[in-house]
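Q:
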Amino acid sequence: MRNTAVTTIAVRHVGTLVLQRLLLVALLLALWWWGAARVPSFVLPGPEKVGVALLALWHSDTFATDVAATCQRVLSGFVLATIVGSGLGLTLGASRVLAGFFEPVLTLLNTVSSAIWAIFAIIWFGISDATTVFVVFMTAMPLILTNVWEGTKTVDPHYVDLARSFRMSRVQILRKIYVPTILPHFFAGARLAFGFGWRVSLVAETIGSSSGIGYRLRQAADLVQTDQVFAWTVLLVGLMLLLEGGLLKPAERRLFRWKASARPSSTPAVSLQA
Amino acid sequence: MRKLLSAAAAAFYAYSTFIALSYAAITPAMASAAEPAPTVKIGYWTSGVSLGYGSVLEAKDFLAKRGVRAEFVHFPDVNAPLRALASGSIDLAFGAPVAGVFGTAASGVPIRIFAATQPADVQFVVPKDSPIQSIRELKGKKVGMSPAGSSVAVIAGAVLAGNYQIKGSDFALVGGNESRLAQFLVQKQVDAAALRSVTVEQLGDELPVRKLGTFANEWKTLTQSDAVPYIGVGAARSDLVDNHPEVVARVIAALRDTLAWGNANRDEVVQILQKKANLPADDAKVYVSHWNDMNRVAFEPADIATLRRQHAVFVESGLVKGELKDDLFARKPYEQAKALK
Amino acid sequence: MNPPVLSAHGIVKRFGTTTILDRIDVTVHRGEVLALVGPSGCGKSTLLNILSGLLTPDAGQLAVDGVPAPQVSDWRRIAYMFQEDRLLPWRTVRDNVAFGLEAGNLSTSDRRRRADDMLELVGLHARGDAWPHELSGGMRSRVALARSLAVQPEVLLMDEPFSKLDPQTRSQMHAELLRIQAGNGMTVVFVTHDMEEAVVLADRVVRLAARPGRVADVVNLADLVRPRVPTEPIVAEQVRVLRAAA
Numbered sequence: 001m002r003n004t005a006v007t008t009i010a011v012r013h014v015g016t017l018v019l020q021r022l023l024l025v026a027l028l029l030a031l032w033w034w035g036a037a038r039v040p041s042f043v044l045p046g047p048e049k050v051g052v053a054l055l056a057l058w059h060s061d062t063f064a065t066d067v068a069a070t071c072q073r074v075l076s077g078f079v080l081a082t083i084v085g086s087g088l089g090l091t092l093g094a095s096r097v098l099a100g101f102f103e104p105v106l107t108l109l110n111t112v113s114s115a116i117w118a119i120f121a122i123i124w125f126g127i128s129d130a131t132t133v134f135v136v137f138m139t140a141m142p143l144i145l146t147n148v149w150e151g152t153k154t155v156d157p158h159y160v161d162l163a164r165s166f167r168m169s170r171v172q173i174l175r176k177i178y179v180p181t182i183l184p185h186f187f188a189g190a191r192l193a194f195g196f197g198w199r200v201s202l203v204a205e206t207i208g209s210s211s212g213i214g215y216r217l218r219q220a221a222d223l224v225q226t227d228q229v230f231a232w233t234v235l236l237v238g239l240m241l242l243l244e245g246g247l248l249k250p251a252e253r254r255l256f257r258w259k260a261s262a263r264p265s266s267t268p269a270v271s272l273q274a
Numbered sequence: 001m002r003k004l005l006s007a008a009a010a011a012f013y014a015y016s017t018f019i020a021l022s023y024a025a026i027t028p029a030m031a032s033a034a035e036p037a038p039t040v041k042i043g044y045w046t047s048g049v050s051l052g053y054g055s056v057l058e059a060k061d062f063l064a065k066r067g068v069r070a071e072f073v074h075f076p077d078v079n080a081p082l083r084a085l086a087s088g089s090i091d092l093a094f095g096a097p098v099a100g101v102f103g104t105a106a107s108g109v110p111i112r113i114f115a116a117t118q119p120a121d122v123q124f125v126v127p128k129d130s131p132i133q134s135i136r137e138l139k140g141k142k143v144g145m146s147p148a149g150s151s152v153a154v155i156a157g158a159v160l161a162g163n164y165q166i167k168g169s170d171f172a173l174v175g176g177n178e179s180r181l182a183q184f185l186v187q188k189q190v191d192a193a194a195l196r197s198v199t200v201e202q203l204g205d206e207l208p209v210r211k212l213g214t215f216a217n218e219w220k221t222l223t224q225s226d227a228v229p230y231i232g233v234g235a236a237r238s239d240l241v242d243n244h245p246e247v248v249a250r251v252i253a254a255l256r257d258t259l260a261w262g263n264a265n266r267d268e269v270v271q272i273l274q275k276k277a278n279l280p281a282d283d284a285k286v287y288v289s290h291w292n293d294m295n296r297v298a299f300e301p302a303d304i305a306t307l308r309r310q311h312a313v314f315v316e317s318g319l320v321k322g323e324l325k326d327d328l329f330a331r332k333p334y335e336q337a338k339a340l341k
Numbered sequence: 001m002n003p004p005v006l007s008a009h010g011i012v013k014r015f016g017t018t019t020i021l022d023r024i025d026v027t028v029h030r031g032e033v034l035a036l037v038g039p040s041g042c043g044k045s046t047l048l049n050i051l052s053g054l055l056t057p058d059a060g061q062l063a064v065d066g067v068p069a070p071q072v073s074d075w076r077r078i079a080y081m082f083q084e085d086r087l088l089p090w091r092t093v094r095d096n097v098a099f100g101l102e103a104g105n106l107s108t109s110d111r112r113r114r115a116d117d118m119l120e121l122v123g124l125h126a127r128g129d130a131w132p133h134e135l136s137g138g139m140r141s142r143v144a145l146a147r148s149l150a151v152q153p154e155v156l157l158m159d160e161p162f163s164k165l166d167p168q169t170r171s172q173m174h175a176e177l178l179r180i181q182a183g184n185g186m187t188v189v190f191v192t193h194d195m196e197e198a199v200v201l202a203d204r205v206v207r208l209a210a211r212p213g214r215v216a217d218v219v220n221l222a223d224l225v226r227p228r229v230p231t232e233p234i235v236a237e238q239v240r241v242l243r244a245a246a
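Laid out in structure tokens, this is it:
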């Protein structure tokens with residue numbers, strides 16, 4: 001009986017959400033249309049123009065290669081950042097001496113903006129994949145490092161002692177206690193890193209590559225093809241939303257079901273009788 | 001507890017160092033793999049003026065027909081080909097910005113000019129409803145153009161100073177690319193702008209402007225001659241020009257072929273542009289209609305004199321320092337190319 | 001005559017300059033329930049740690065079934081239950097119970113089965129898929145007990161395992177523990193500051209004095225009939241005697 005009540009409430013909740021989102025999209029489109037009618041199309045192209053440009057892009061010869069190139073660079077930089085950032089995060093967690101010694105370097109890394117990394121990358125790697133990968137790496141790595149490091153600090157010695165009391169080996173303790181403790185922190189860092197990594201990859205591509213989405217954005221802007229610039233932007237936003245909603249959020253939900261989240265008021269509290 | 005972390009960290013560390021080192025090892029290795037001598041690395045900016053010409057050069061096999069094996073590198077911004085020439089990542093750029101070439105050569109980088117390729121097809125424009133009626137009235141106004149240091153900016157400065165006594169300090173230079181300049185005009189953030197003719201025609205009714213004058217005419221007035229200033233030249237590494245002038249000659253011949261073919265097959269050029277740069281049909285057609293105004297392959301004494309004059313102007317405006325060395329202009333390949341039919 | 005399952009002789013432990021344990025002798029007989037009581041600071045938890053083999057004393061010998069500690073290889077016969085339930089929040093109740101088994105050689109399905117059996121034993125078989133945060137304090141204690149029992153230890157060492165529970169739950173847990181112990185003949189050594197708990201559960205009580213920690217006396221409660229209801233005069237009297245001696 002309680003289950004049907006909860007289900008109905010859940011369905012209504014989802015329905016309201018979908019309606020809200022649709023309304024928001026409609027509102028934004030209307031605003032866009034109104035704005036575009038008032039200025040020349042090369043300053044603000046209207047939704048129909050952008051839609052046409054998007055379709056044209058989709059069917060163009062180089063679309064797939066450009067998108068693939070950018071995705072490949074972002075992924076490479078991200079994977080490298082994950083490996084190096086996690087390793088260094090664990091190192092700093094393990095040695096207080098090293099942590100204290102290298103902390104200023106970390107602050108420095110976090111302060112240097114990706115635009116500066118892009119300039120260095122061009123000088124060192126020229127027009128190549130390495131330029132973009134480097135910029136993504138330098139942006140993502142400190143984020144992952146910091147989060148993993150923080151994660152090591154949160155490992156509960158009680159749980160480690162528990163594992164020791166069951167005579168578990170060092171490797172087992174690492175796998176069964178450290179990894180689950182650090183994982184949420186790593187995930188938070190990785191999510192941030194991925195988002196930032198995407199953004200900076202475009203910046204790097206506009207000055208440091210001969211292919212990819214950033215390169216095309218730049219070319220379109222230079223050739224006064226503003227509707228194409230918008231089309232690429234819409235595409236990127238769509239891609240990001242897809243990744244977030246289709247991959248990252250469900251993964252997060254699955255991995256961290258165990259966290260005691262604030263329950264919605266529709267569910268009555270469970271009786272706490274022992 | 002710390003011992004455990006150390007163990008894990010050590011493992012990760014070793015692994016990550018390995019990954020990082022192998023990546024670092026691979027990248028330069030791929031870049032510096034031994035290349036067979038006859039291949040010429042040609043680079044160009046896949047936008048602006050070079051886009052159309054470069055696309056055709058790449059798409060058609062004029063270079064191959066002349067026996068030149070070419071490798072093309074695309075750059076996302078206008079000055080990148082020049083930097084690549086200086087660092088040796090490319091051997092030849094057919095549309096290198098002339099101001100940059102002078103500056104780079106003056107600082108000792110071994111490059112030579114082998115042809116004048118991109119005339120300045122630029123106009124001074126004002127919004128249609130502007131009270132400004134002539135270039136003279138630009139004194140004290142905001143004028144948008146390519147950023148300071150670019151060929152356009154220096155030429156504009158030269159003609160304004162030379163023909164109208166409007167010095168650099170007498171007007172405000174607002175820098176930007178074509179997109180930005182058009183936007184500034186529409187939003188009345190500048191009083192006038194120096195725009196490429198292609199841009200003005202491409203935007204058409206969306207950018208209502210009135211032409212005050214052209215770079216070509218102003219330069220003719222300034223120099224009391226029929227010369228037209230250049231914004232782009234063909235430049236190559238000195239060792240290529242000096243040691244293999246016949247290769248450069250063949251490249252020049254191929255450039256000539258491209259120019260002729262593009263002129264005769266405008267529709268096909270439009271198609272190529274649509275495919276290579278996602279340009280919509282209308283814009284591509286506008287672009288191609290300016291083919292002969294934007295592209296050239298010339299190195300006659302008159303052209304060299306124009307370039308010398310430009311250099312003098314650049315030195316005067318403080319953009320370039322130093323003497324113009326005579327060997328900057330490599331005439332031999334061009335003469336050799338004349339023999340190739 | 002079989003050697004005692006645990007025998008500690010001349011145990012000394014210092015932390016810095018403080019001597020926590022000063023030449024402690026304790027013998028634990030197989031199958032008995034032994035209580036370690038004493039005021040705070042008397043080192044009873046430290047002693048329990050040493051008995052488990054997890055902490056090395058600064059002096060003295062520990063033997064398990066007559067085998068000196070350094071030569072013991074199968075420490076897994078001795079299970080340790082902490083004061084807090086220490087349930088891993090990222091594992092379900094069942095996976096928590098199976099945790100200790102993962103150090104051994106059982107297959108996944110065997111571990112699962114054993115965990116379910118243990119949960120049944122402590123009366124939580126319906127909550128196998130729940131998350132620790134969904135359970136009450138008493139339930140969590142029971143899960144911790146199930147976890148310790150899952151490895152089928154010969155000796156169960158418990159450090160104030162029921163101190164955080166309300167009195168009613170605590171009595172229930174006492175009954176549970178005695179029932180299980182009677183069923184499998186496990187040796188139990190537990191630390192408590194609650195005299196009543198000691199009297200209800202233990203066959204013998206080792207009373208420690210503090211600063212430095214040393215054995216004050218050992219009281220044998222074997223004559224006290226089970227079940228021992230705290231309100232009964234005999235039991236209450238014993239508790240009073242023990243409390244007065246402290």
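Residue numbers (the working numbering), protein chains in the order written: chain S, 1 to 274; chain D, 1 to 341; chain B, 1 to 246.
Glycine residues also receive a C-beta, built at the ideal position from the N, C-alpha and C atoms.
Values in this document were obtained by computation on a predicted structure and should not be read as measured data.
#1: Reducing DSSP to helix, strand and coil, say where K41 (chain D) ends up.
#2: List, in order along the chain, the chain B residues whose C-beta lies closer than 9 Å to that of H158 (chain S)?
#3: What's the gap between the Cα of D217 (chain B) and the Cα of H29 (chain B)?
#4: Can you check whether the C-beta of L22 (chain S) is within less than 7 Å of a C-beta belonging to chain B?
#5: Any beta carbon from chain S within less than 7 Å of Q271 (chain D)'s own beta carbon?
#6: Tell me which residue opens and which closes the alpha helix (DSSP H) that L212 (chain D) is part of.
#7: For R167 (chain S), which residues in chain B fall below 7 Å Cβ to Cβ?
#8: Are three or more beta carbon pairs between the stretch 164-182 of chain S and the stretch 97-116 of chain B nearer than 8 Å?
#9: Let me make sure I understand the geometry here. Which of B:V239, B:D65, B:E232, B:S171 has the alpha-carbon closest to that of V199 (chain B)?
#10: Have a look at the DSSP bridge pairing and note the partners of P45 (chain S).
#11: Is T150 (chain S) helix, strand or coil by DSSP?
#12: For T206 (chain S), would you say it is in contact with chain D, using Cβ-to-Cβ distances shorter than 7 Å as the test?
#13: Against chain S, with Cβ distances strictly below 7 Å, would E201 (chain D) count as a contact?
#14: Which runs of the alpha helix (DSSP H) fall wholly inside the stretch 169-205 of chain D and span at least 4 residues, in chain order?
#15: If you draw a straight line from the C-alpha of G53 (chain B) to the C-alpha of L221 (chain B), how long is it?
#16: Could you tell me how far apart the beta carbons of V135 (chain S) and W117 (chain S) are, in whole angstroms, since I believe they sit closer than 8 Å?
#17: Among all the DSSP beta bridges, which residues are the ones paired with K142 (chain D)?
#18: M141 (chain S) and G197 (chain S): beta carbons closer than 7 Å?
#19: How many Å lie between V191 (chain B) and G138 (chain B) at the Cα?
#20: On the three-state DSSP scale, how would you describe R207 (chain B)?
#21: What residues in the stretch 62-95 of chain D bring their beta carbon closer than 8 Å to a beta carbon of chain S?
#22: With 16 other CB atoms within 10 Å as the buried threshold, where does T231 (chain B) fall?
#23: Considering only residues of the same chain and omitting the five flanking positions on each side of G123 (chain B), which have a CB-CB separation below 8 Å?
#24: Output the distance between the C-alpha atoms of G176 (chain D) and E137 (chain D), rounded to the nearest integer angstrom.
#25: Whose CA, out of S:V18, S:L192, S:Y159, S:G15, lies closest to the CA of V277 (chain S)?
#26: Mind checking if A262 (chain S) is an interface residue toward chain B, Cβ cutoff 7 Å exclusive?
#27: Output, in chain order, the set of chain S residues within a Cβ distance shorter than 9 Å of S52 (chain B).
#28: Check whether the Cβ of P153 (chain B) lies closer than 7 Å to any Cβ atom in chain S.
#29: By how many angstroms is the C-alpha of P184 (chain S) removed from the C-alpha of T82 (chain S)?
#30: Any beta-carbon of chain S closer than 7 Å to the one on P89 (chain B)?
#31: Look at the alpha carbon of A31 (chain D) and the alpha carbon of S128 (chain S), and state the distance between them as a whole number of angstroms.
#32: What did DSSP end up calling E316 (chain D) once you bin it into helix, strand or coil?
#33: Report the three-state DSSP secondary structure of Q133 (chain D) (helix, strand or coil).
#34: Which residue wins for smallest C-alpha separation from E196 (chain B), given the options B:A210, B:V219, B:V235?
#35: Decide if the stretch 130-148 of chain D is in contact with the stretch 158-178 of chain D; the criterion is three or more beta carbon pairs, one per stretch, under 8 Å apart.
#36: With DSSP as the reference, identify every bridge partner of A298 (chain D), one or two as the case may be.
A: Considering the structure as presented:
#1: As a first step, residue 41 (chain D) is located in the second sequence; it is residue number 41 there, counting from the start. DSSP places K41 (chain D) in strand when its eight states are reduced to three.
#2: Position 158 of the first sequence, counted from the start, is the residue given in the question as residue 158 (chain S). Ordered by position in chain B, the residues that pass the 9 Å Cβ test against H158 (chain S) are F82, E84, R86.
#3: On the third sequence, position 217 is the one that residue 217 (chain B) refers to. On the third sequence, position 29 is the one that residue 29 (chain B) refers to. Answer to the nearest angstrom: the Cα atoms are 17 Å apart.
#4: By one-based count along the first sequence, residue 22 (chain S) stands at place 22. Output row for L22 (chain S): interface = no.
#5: The residue labelled residue 271 (chain D) in the question sits at position 271 within the second sequence. Not an interface residue.
#6: Counting from one through the second sequence, the residue named residue 212 (chain D) turns up at place 212. Run containing L212 (chain D): none in the alpha helix (DSSP H); it sits in the beta strand (DSSP E), 209-214.
#7: Against the first sequence, residue 167 (chain S) aligns to sequence position 167. Contact note: R167 (chain S) reaches chain B through W75, R76, A103, using a C-beta cutoff of 7 Å and chain order.
#8: Touching, yes.
#9: Locating residue 199 (chain B) in the third sequence gives position 199, where the first residue counts as 1. Measuring from the Cα of V199 (chain B), the nearest candidate turns out to be B:V239.
#10: Translated into the one-based positions of the first sequence, residue 45 (chain S) becomes position 45. Answer is none; P45 (chain S) lacks a bridge partner.
#11: By 1-based counting over the first sequence, the position of residue 150 (chain S) is 150. What sits at residue 150 (chain S) in the sequence shown is Glu, not Thr. Here E150 (chain S) carries a helix assignment [DSSP, helix/strand/coil].
#12: Along the first sequence, read from residue 1 onward, the residue named residue 206 (chain S) stands at position 206. Yes, T206 (chain S) counts as interfacial toward chain D.
#13: Here residue 201 (chain D) corresponds to residue number 201 of the second sequence, with the count starting at 1. Residue-level contact check: E201 (chain D) does not touch chain S, since none of the beta carbons of chain S fall below 7 Å from its beta carbon.
#14: 178-186, 197-203
#15: Reading the third sequence from its first residue, position 53 is the one you call residue 53 (chain B). Reading the third sequence from its first residue, position 221 is the one you call residue 221 (chain B). Cα to Cα, the separation comes out at about 27 Å.
#16: Sequence index remark: in the first sequence, residue 135 (chain S) carries index 135 (1-based). Sequence index remark: in the first sequence, residue 117 (chain S) carries index 117 (1-based). About 5 Å; that satisfies the 8 Å criterion.
#17: Here residue 142 (chain D) corresponds to residue number 142 of the second sequence, with the count starting at 1. In the DSSP output, where bridge partners are listed per residue, K142 (chain D) has D:A172.
#18: As a first step, residue 141 (chain S) must be located in the first sequence, where it is residue number 141. As a first step, residue 197 (chain S) must be located in the first sequence, where it is residue number 197. For M141 (chain S) and G197 (chain S), no; Cβs fall outside 7 Å.
#19: Mapped onto the third sequence, residue 191 (chain B) falls at position 191. Mapped onto the third sequence, residue 138 (chain B) falls at position 138. Rounded to the nearest angstrom, the two C-alpha atoms are 19 Å apart.
#20: Taking the third sequence and counting its residues from 1, the one referred to as residue 207 (chain B) is at position 207. Residue state, collapsed to three classes: strand.
#21: V73, H74, F75, P76, D77, A80, A84, S87, S89
#22: Taking the first residue of the third sequence as position 1, residue 231 (chain B) is located at position 231. By the 10 Å Cβ count, T231 (chain B) comes out exposed.
#23: Within the third sequence, numbered from 1, the residue matching residue 123 (chain B) stands at position 123. Around G123 (chain B): R142, E176.
#24: Mapped onto the second sequence, residue 176 (chain D) falls at position 176. Mapped onto the second sequence, residue 137 (chain D) falls at position 137. Within the model, the alpha-carbon separation for G176 (chain D) versus E137 (chain D) is close to 22 Å.
#25: An answer regarding residue 277 (chain S) cannot be provided, because it is not within the stretch 1 to 274 covered by chain S.
#26: Within the first sequence, numbered from 1, the residue matching residue 262 (chain S) stands at position 262. Low confidence applies to A262 (chain S): its pLDDT is 44, below 50, so where it sits in the model is not reliable enough to give any reading.
#27: By 1-based counting over the third sequence, the position of residue 52 (chain B) is 52. Those within 9 Å of S52 (chain B) in chain S are S165.
#28: Reading the third sequence from its first residue, position 153 is the one you call residue 153 (chain B). Closer than 7 Å: no.
#29: By 1-based counting over the first sequence, the position of residue 82 (chain S) is 82. By 1-based counting over the first sequence, the position of residue 184 (chain S) is 184. Going from the Cα of T82 (chain S) to the Cα of P184 (chain S) covers about 14 Å.
#30: Mapped onto the third sequence, residue 89 (chain B) falls at position 89. Taking Cβ atoms only, chain S reaches closer than 7 Å to P89 (chain B), which makes this a yes.
#31: One-based indexing of the second sequence puts residue 31 (chain D) at position 31. One-based indexing of the first sequence puts residue 128 (chain S) at position 128. Residue confidence for A31 (chain D) is low, a pLDDT of 46 falling below 50, so the modelled location carries little weight; the figure read from the coordinates is stated next. Roughly 9 Å between the two C-alpha positions.
#32: Taking the first residue of the second sequence as 1, we reach residue 316 (chain D) at position 316. Reduced to three states, the DSSP call for E316 (chain D) is helix.
#33: Translated into positions along the second sequence, residue 133 (chain D) becomes position 133. It is coil, neither helix nor strand.
#34: Taking the third sequence and counting its residues from 1, one reaches residue 196 (chain B) at position 196. Comparing Cα-Cα distances from E196 (chain B) to each of B:A210, B:V219, B:V235, the minimum goes to B:V235.
#35: yes
#36: The residue labelled residue 298 (chain D) in the question sits at position 298 within the second sequence. Looking at the DSSP assignment, A298 (chain D) forms a beta bridge with D:A116.
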